[in-house]
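A short write-up of the structure that comes next.
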Amino acid sequence: MQTLETKDAPSPFRTRAEKMQDRADKREAVLRAAVRMFNAHGFHATSLDDVAASLGISKPTIYHYLGNKEQVLIECVTRGLEPLRSAAEQARAQAGSGLERLRRFLIDYARTNMDDFGRCMVRTGDELLSPASAASIRARKREIDATLRALIAEGIADGSIAPVDVKMSAFALAGALNWPARWHDPAGPDSPETIATGLVDMLIGGLAPR
114 MQTLETKDAP SPFRTRAEKM QDRADKREAV LRAAVRMFNA HGFHATSLDD
164 VAASLGISKP TIYHYLGNKE QVLIECVTRG LEPLRSAAEQ ARAQAGSGLE
214 RLRRFLIDYA RTNMDDFGRC MVRTGDELLS PASAASIRAR KREIDATLRA
264 LIAEGIADGS IAPVDVKMSA FALAGALNWP ARWHDPAGPD SPETIATGLV
314 DMLIGGLAPR
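Take any residue in the sequence shown, count from 1 to its spot, add 113: that is its number in the working numbering.
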């Protein structure tokens, strides 16, 4: 069986760009293996020895590419948050009513939560991290929540969303769309896009003016 260290043995005459790409590819392979094991078995039940063994590498190789176990987890959570931050920025910049922009953001939100890193982000509790790391992750999550509330408020202001409690509505939407991170089966018949669109359309129906 080919391992991360033996697969496609590099030429000694590689360019600097090729070396950097090779490092990035190996780092990504380690990160993907780690996040999938965290999701399948839980952070505490997964050791870096387990991750290393799944790739046929040594544990020091993981330290070389990603650092210790908490640093690996932080990287996984950060990778889950980044698409949400990008989706939030796009939603705020796009044209359309508040409800239309909210819908686009929520579909991206739900779809991201069904990705490996999105699942890890949703499932990771602050208690698993050091105080400094937990504070950093909470701050990033608050930014996402602030965008969600802003989109709801903008929809209320332009009349596309009924006058609802913004805070409670944001909690309800986020809570409902976080759950697919726990029950979605990647091998199931429905794609993340299909599930995300169906859930969002059902949820935002309750926000439309009557």
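Backbone N, C-alpha and C fix where the C-beta goes; we use that ideal spot for every residue, glycine too.
Rounded straight-line distance, which links the Cα of residue j to that of residue i
i, j, result
"V143", "G193", "16 Å"
"L316", "A289", "8 Å"
"L161", "D138", "19 Å"
"R224", "R145", "18 Å"
"K182", "G272", "48 Å"
"P293", "R127", "43 Å"
"R205", "P173", "43 Å"
"D229", "A208", "30 Å"
"A309", "I265", "18 Å"
"S304", "R214", "22 Å"
"Q287", "M150", "Reading off the sequence, residue 287 comes out as Ala, not Gln. Each residue's alpha carbon lies about 25 Å from the other."
"A130", "I175", "22 Å"
"A325", "M133", "With the chain covering 114 to 323 only, the question about residue 325 has no answer from this structure."
"H297", "H157", "22 Å"
"G268", "R323", "14 Å"
Reduced DSSP secondary structure (H/G/I, E/B, other) of residue i
i, result
"G268", "helix"
"L168", "helix"
"H297", "coil"
"H157", "coil"
"D228", "coil"
"N291", "helix"
"Q184", "helix"
"S179", "In the sequence under discussion, the amino acid at residue 179 is Leu, which differs from the Ser named in the question. Looking at L179 - three-state DSSP - the assignment turns out to be coil, as it is neither helix nor strand."
"P305", "helix"
"S199", "helix"
"L316", "helix"
"G193", "helix"
"T128", "coil"
"M114", "For M114, the pLDDT reaches just 42, beneath the cut-off of 50, and the residue's location in the model is therefore unreliable, although a value from the coordinates is still provided. Here M114 sits in coil by DSSP."
Given residue i as reference, the closest of the options once Cα atoms are compared
i, options, result
"N152", "Q184, L179, V190", "V190"
"R295", "H154, E131, E141", "H154"
"R253", "I269, R136, V235", "V235"
"G231", "R216, T260, V148, A300", "V148"
"A245", "T159, L312, I175, Q184", "Q184"
"V279", "P299, L219, R140, L320", "L320"
"I250", "L219, L168, I187, D135", "I187"
"R102", "T260, R323, S171", "Because the chain here runs from 114 to 323, residue 102 falls outside it and cannot be looked at."
"R198", "F218, F156, A285", "F218"
"G211", "P196, P276, L242", "P276"
Please specify which runs of the alpha helix (DSSP H), each continuous and at least 4 residues long, are wholly inside the region 230–287, giving them in chain order. If only complete runs of 4 or more residues are kept, the region 230–287 shows the alpha helix (DSSP H) at 244–271, in order along the chain.
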